[in-house]
Amino acid sequence: MNRVYRIALLVLLCALVAAWWISPTVRTLVNGSLAAFATLDQAAIERFIRAWGPQAAAVSFFLMILQAIVAPLPAFLITFANASLFGAFWGGILSWTSSMAGAAFCFYLARILGRDAVEKLTGKTVLESVDSFFTRYGKHTILICRLLPFVPFDPVSYAAGLTSLRFRAFFVATGIGQLPATIVYSCVGSMLTGGTYWLVTGLLIAFALAILIVMVKKITQQRQKRRH
């Protein structure tokens, strides 16, 4: 079955390369996306998405998946752009669903290609640091990592694909854990500038840490009970 998945992935990759080579629209989309990523600037990303007019939401969805696979871009920049362009509610739904799609893609990409390929995509050091979370927290790792804004989102998805974790458990934990950050960023994304941005980011980190402390305490207590 894994061989079938690899063949399907190869066919998809070839189709994408062919589309990039043949279609000026696809080439403009991919090249423009990478250029917007390189700026690490919300305003530039927002301008790029807006320029696609009626296709703006689809382009934003594509951007979120693309950054999950190849671009070292913080996903929250796209979330802020979505909130500014589509409003807190619809922008939040777009950001949440597209980030879930990106996470699922990374999960299966890791499961199909294996650890060596994942190390090339994420870096060996980053992947090993995420491995330590799985060793420490086991089945709770996904939810804990999703609640922490400073834990890289995509390496966690790749690392999960290398474990025996079922996709359903991964997907549910990702959806729940990603929701608080998406709601906060979407609600205030269109209003944040400068110091306000860092203030809200700090509050979100504090909120996530508080939840993490409670969860780690419960996990520790459960393990102590099992030992006794």
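Residues in the sequence shown are numbered from 100 upward in steps of one, following the numbering used here. Glycine is no exception: its CB is placed at the ideal position from the N, C-alpha and C atoms.
Limits of the alpha helix (DSSP H) - the one that residue i falls within
i      : result
VAL158 : 155–168
PRO251 : That residue, PRO251, is in no alpha helix (DSSP H); it is neither H nor E in DSSP.
LEU220 : 214–221
Under the three-state DSSP convention, the category residue i falls into
i      : result
TRP189 : helix
ASP140 : coil
THR329 : Absent from the structure is residue 329, since the part of the chain shown begins at 100 and ends at 327.
ALA150 : coil
LEU247 : coil
SER197 : helix
SER122 : coil
GLY294 : Because GLY294 carries a pLDDT of 47, less than 50, the predicted location of this residue cannot be relied on, and the following value inherits that uncertainty. In the structure shown, GLY294 sits in a helix (DSSP, three-state: H, G or I).
Backbone CA spacing between residue i and residue j [nearest angstrom]
i      : j      : result
VAL217 : GLY152 : 35 Å
PHE270 : THR234 : 19 Å
PHE204 : LEU115 : 15 Å
VAL169 : THR178 : 18 Å
ALA187 : LEU264 : 33 Å
TRP332 : ASN181 : Beyond the ends of the chain as shown, which are 100 and 327, falls residue 332; an answer cannot be given.
ILE243 : GLY276 : 7 Å
ASP215 : GLY201 : 20 Å
PHE160 : LEU193 : 7 Å
LYS92  : LEU278 : The chain is shown only over 100 to 327; residue 92 falls outside these bounds and no answer can be derived.
ALA272 : PHE175 : 19 Å
THR124 : ALA209 : 29 Å
ARG267 : PHE206 : 11 Å
ALA110 : ILE211 : A small fix is needed here, since residue 110 is Val in this sequence, not Ala. Distance between the alpha carbons of VAL110 and ILE211: 14 Å.
ALA137 : ALA118 : 23 Å
ALA134 : LYS238 : 38 Å
VAL158 : TYR236 : 36 Å
CYS80  : ALA280 : This structure does not reach residue 80, given that the chain is present from 100 up to 327, and the question cannot be answered.
THR79  : PRO254 : In this structure the chain extends from 100 to 327, so residue 79 is not present and cannot be described.
GLN141 : ARG245 : 22 Å
The ligand HEM heavy atom lying under 6 Å from the CB of residue i
i      : result
GLY131 : As far as ligands go, the structure on display features none, and thus does not contain the ligand HEM.
Quiz item: Residue ranges of each alpha helix (DSSP H) run of no fewer than 4 residues wholly in the stretch 266–290, ordered along the chain?
Solution: 266–287
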